[in-house]
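Q: I'd like to ask you about the structure that follows.
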């Protein structure tokens with residue numbers, strides 16, 4: 002049974018250490034190539050050899066200098082003068098090598114030839130000294146050179162070169178001065194020294210290779226750890242970005258849920274307010290024509306009707322915010338909107354705030370919903386009033402503005418002629434950080450005790466709905482200027498015509514109008530309006546009650562005014578049941594919401610019209626007049642025959 006085999010990072014295993022990426026693997030392959038390099042090319046070993054050569058050159062130069070001094074004392078000896086010359090050459094070579102290595106005048110790679118040069122100079126000097134003196138005792142220096150080369154050199158090629166030179170010179174000198182047993186002894190010592198040098202060199206290289214492998218594995222592991230750390234840092238940074246994005250999305254979701262809940266609440270509140278305002282509008286619009294000019298209470302009735310109309314605009318704004326209503330799209334005078342807001346604010350703003358209006362031209366008109374623009378201007382003025390601490394002023398100005406491409410780009414609109422509406426105050430102003438967020442729905446710098454919420458966000462929405470643009474200029478302590486541009490409308494002089502009340506044609510044989518609404522106030526107000534138009538009225542509080550009353554009086558009922566949203570039986574359900582009883586009965590649908598899909602499907606049927614709640618007497622009369630033109634019913638006797 003074989004023992005389990007362990008594989009390290011350098012064994013070529015297919016498993017990538019620490020989950021390295023392709024880039025890390027590429028760097029690892031470069032590291033593997035570096036592992037196959039020879040010890041002779043290793044920079045660290047070359048550095049050690051370089052330092053060894055430097056100090057060895059200094060030692061050899063010192064020895065040559067000492068031999069020179071010694072030989073100068075015995076110039077009369079045999080061959081001394083020739084040896085002195087060789088010593089001086091060796092001294093010069095050693096001095097040059099020391100100077101070059103000490104001053105770093107040569108690169109590390111020159112350590113090998115420098116060591117060879119020193120070995121050759123010493124071997125030559127020793128061999129020539131043996132030859133000159135005829136004494137074999139100095140052959141021991143050649144043995145030392147061979148052993149030293151094996152202990153010092155790190156390159157196989159240069160070791161062979163040094164050993165070959167030293168052995169050749171030793172063989173030459175030995176053959177010249179030795180014979181017999183002495184020759185054999187010196188040759189065997191030289192061979193043993195060479196063999197010892199090779200063994201020492203081989204052992205050193207094996208150890209050096211292991212050390213290099215360990216070091217390179219450590220370096221590779223360090224690179225892998227650095228790569229893993231870098232990857233972890235990148236993943237952590239990406240995680241932080243993802244976390245911030247998640248938090249941002251959660252915040253956006255919460256804001257969307259708030260807006261959705263607020264929209265639902267706004268729609269419900271607007272529906273209930275519409276019922277109350279509808280009753281006031283109906284009673285006021287019916288009573289006002291009955292009061293001759295100068296009659297006591299007529300002026301108050303006019304104020305009541307105007308206030309109810311402003312309430313209608315408010316509910317329309319709420320329904321528009323709840324996306325349950327569509328804005329109007331008709332020409333209106335921007336200056337009249339400003340004057341209407343001025344009349345209201347002069348009575349409500351503190352006396353310490355001066356309110357001024359500067360209107361340019363009486364015919365400055367735009368196309369859209371005047372109620373939405375009125376509400377937007379009111380919000381702008383109220384925000385300006387909140388920004389004024391103590392005494393201050395608010396200036397509202399209108400003018401005609403022609404925008405070229407550069408100017409239109411500032412507002413984010415197309416070039417053309419626009420009606421400009423500017424609101425300027427000298428309040429505390431806003432910082433750039435606040436300016437970036439003023440149109441966010443729930444952002445406010447006010448305390449919880451003061452107004453805050455959706456004011457400026459609804460202003461922005463209104464401007465966008467009217468294909469306009471908006472620009473805010475403000476600095477802390479220098480007030481704020483908000484400029485709104487809306488596409489100007491070229492109003493024709495003959496376009497304006499006085500509104501004429503249309504009176505519905507009441508069939509004498511079918512004078513009864515069935516009025517269906519779940520709100521008691523609206524039922525009483527609706528009855529009063531229908532009676533003033535010449536109808537007899539039957540009232541029903543829900544769809545089921547309406548269906549019962551219609552079946553009992555269908556021969557005398559000429560029209561049905563049907564509320565769409567009711568309990569017990571909804572308006573659409575009641576509509577279809579009524580048409581089953583009498584397919585030709587005219588039905589006027591009434592709703593506080595815009596024409597949605599359910600109302601549009603009902604209006605696709607014949608003899609059906611729609612009136613928007615809250616409505617006045619003129620609105621109801623116009624809708625019934627239009628319905629009577631397309632819904633001429635035959636007399637009851639003829640209808641009896643047809644139904645039979």
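Residue numbers (my numbering): 2 to 645. Ideal Cβ placement from N, Cα and C applies to all residues, glycine included.
1) When you compare only the Cα positions, how much space is there between residue 182 and residue 98?
2) What residue from 567, 615 and 627 has the CA that sits closest to residue 588's CA?
3) Looking at C-alpha atoms only, which residue of 285, 423 and 131 is the closest neighbour of residue 83?
4) When you compare the segment 243 to 250 with the segment 474 to 489, are there three or more beta-carbon pairs, one atom per stretch, that lie closer than 8 Å?
5) With 16 as the cutoff for other CB atoms within 10 Å, does residue 51 come out buried or exposed?
6) For residue 427, does the count of other Cβ atoms within 10 angstroms reach 16, so buried, or fall short, so exposed?
7) May I ask which residues mark the beginning and end of the beta strand (DSSP E) holding residue 472?
8) Could you give the C-beta distance for residue 88 and residue 69, rounded to a whole number, given that I count them as a contact under 8 Å?
9) May I have the straight-line CA-CA distance separating residue 310 from residue 339, to the nearest angstrom?
10) Name the residue from 520, 518, 560 and 519 whose alpha carbon lies nearest to the alpha carbon of residue 537.
11) For residue 531, which option in 276, 202 and 507 has the closest C-alpha, if you only look at C-alpha atoms?
12) Please state whether DSSP places residue 510 in a helix, a strand or coil.
13) Does residue 483 come out as helix, strand or coil in the three-state DSSP assignment?
14) Rounded to whole angstroms, what is the Cα-Cα separation between residue 282 and residue 610?
15) Which residues bound the alpha helix (DSSP H) around residue 126?
16) How long is the line joining the alpha carbons of residue 473 and residue 398, rounded to whole angstroms?
17) Among all the DSSP beta bridges, which residues are the ones paired with residue 588?
18) What does the Cβ neighbour count give for residue 552, buried or exposed, with the cut at 16 atoms within 10 Å?
19) Could you tell me whether the Cβ atoms of residue 197 and residue 148 are closer together than 7 Å?
20) Does DSSP put residue 390 in a helix, a strand or coil?
21) Starting from the Cα of residue 463, find the closest Cα among 419, 542 and 380 and give me that residue.
22) Based on Cα-Cα distance, which residue from 405, 402 and 334 lies nearest to residue 371?
23) What residues in its chain sit with their C-beta under 8 Å from that of residue 286, if we drop five residues either side in the sequence?
24) Consult DSSP for residue 156 and reduce its assignment to one of helix, strand or coil.
25) If you run the structure through DSSP and keep just helix, strand and coil, what is residue 298?
26) Taking buried to mean at least 16 other C-beta atoms within 10 Å of its own C-beta, is residue 516 buried or exposed?
27) Between residue 542 and the rest of its own chain, which residues show a CB-CB distance below 6 Å, the 5 nearest in sequence each way excluded?
28) Does the segment 203 to 216 touch the segment 160 to 167, meaning 3 or more C-beta pairs lie closer than 8 Å?
29) Please return the same chain residues whose Cβ sits closer than 6 Å to the Cβ of residue 457, not counting the five positions on each side in sequence.
30) According to DSSP, residue 538 sits in a beta bridge with which residue or residues?
31) Tell me the rounded alpha-carbon separation between residue 116 and residue 76.
32) State the Cα-Cα distance for the pair residue 193 and residue 123, rounded to the nearest angstrom.
33) With DSSP as the reference, please indicate the residues paired to residue 423 in a beta bridge.
A: Straight from the coordinates:
1) 39 Å
2) Cα-wise, what sits closest to residue 588 is 627.
3) 131
4) no
5) Residue environment analysis places residue 51 among the buried positions, since at least 16 neighbouring C-beta atoms fall within 10 angstroms of its C-beta.
6) buried
7) Run containing residue 472: 470 to 475, per the beta strand (DSSP E) assignment.
8) 5 Å
9) 16 Å
10) 560
11) Cα-wise, what sits closest to residue 531 is 507.
12) helix
13) strand
14) Looking at the two C-alpha atoms, the distance is approximately 21 Å.
15) Start and end: 112 to 134.
16) 15 Å
17) For residue 588, which the question treats as bridged, DSSP gives the partners 561 and 609.
18) exposed
19) yes
20) coil
21) 380
22) 334
23) 306, 530, 617, 618 and 619
24) Three-state DSSP puts residue 156 in coil, outside helix and strand.
25) In the structure shown, residue 298 sits in coil (DSSP, three-state: anything other than H, G, I, E or B).
26) buried
27) 519
28) no
29) So the list reads 439 and 440, once near-sequence residues are dropped.
30) 514
31) 31 Å
32) Rounded to whole angstroms, residue 193 to residue 123 spans 20 Å at the Cα level.
33) 398 and 484
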